[in-house]
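The next block holds one structure in the form of structure tokens; read it before the comments.
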Amino acid sequence: MREGSDSLCPSAEPSWRGAVAFGIIGGSPAEPLAKYLPAALPVTEALLDLAKPATPPEVFRFAASCLNSGCVHFKGDACTLASRVVKLLPEVMDRLPRCAIRASCRWWRQEGVAACRRCPQVVTENYNPSDSMRAAARPPTPVAS
Ligand code: SF4
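Numbering (this note's numbering), first residue to last: 20 to 164.
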């Protein structure tokens, strides 16, 4: 775990300290849909190798401690990525998906059920994003000093 946060980012990179895999991307390139694992798995070389020839964040969802103000998406005391996911993406689940990291998830703590109904379409490394996905992923513009 990284210091400074007890919340988990559900769109983390596998290289972050303490990262775990908690979902596998399914669906289609145009309509990705993650399936969540019954339990989060530690990141190992063997797990990362399963993604080849794709990159691990194209195939898996990883969670790791939220970077808070160290992340381009964090503003004030909130994750703006979670806010944009809820505002800009359609719901893809009509029920709460079973999710191994929910108790610690930053998006759940901040946005509740609305985040979980949209979360499965998120691919951390997405080379074919929809316009709305592209907009959701765009960090806030820094205030000019
Ligand atoms: S937003 Fe919901 S479904 Fe997505 S990782 Fe967090 S708790 Fe799980």
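Even for Gly, the Cβ is constructed at its ideal location relative to N, Cα and C.
Inter-residue CB distance, Q129 and A101 (contact presumed, cutoff 8 Å): 5 Å
Could you check the C-alpha separation between A74 and V104 for me, to the nearest Å? Here residue 74 turns out to be Thr, not Ala, going by the sequence shown. If you take the alpha carbons of T74 and V104, they lie about 23 Å apart.
Going by alpha carbons, who is nearest to A77 out of P159, E144, H92 and A155? The residue asked about is misnamed: residue 77 is Glu in this sequence, not Ala. Of P159, E144, H92 and A155, the residue nearest in Cα terms is E144.
In this structure, does DSSP put G46 in helix, strand or coil? strand
Of the choices G42, P72, A119 and G131, whose alpha-carbon is the least far from that of A53? Comparing Cα-Cα distances from A53 to each of G42, P72, A119 and G131, the minimum goes to G42.
Per DSSP, the bridge partner or partners of L60: Beta-bridge pairing links L60 to A40.
Buried or exposed, going by whether 16 or more other CB atoms sit within 10 Å of the CB of R117? exposed
Which stretch, first to last residue, makes up the beta strand (DSSP E) that contains C28? L27 to A31
Residue(s) in a DSSP beta bridge with R80: G42
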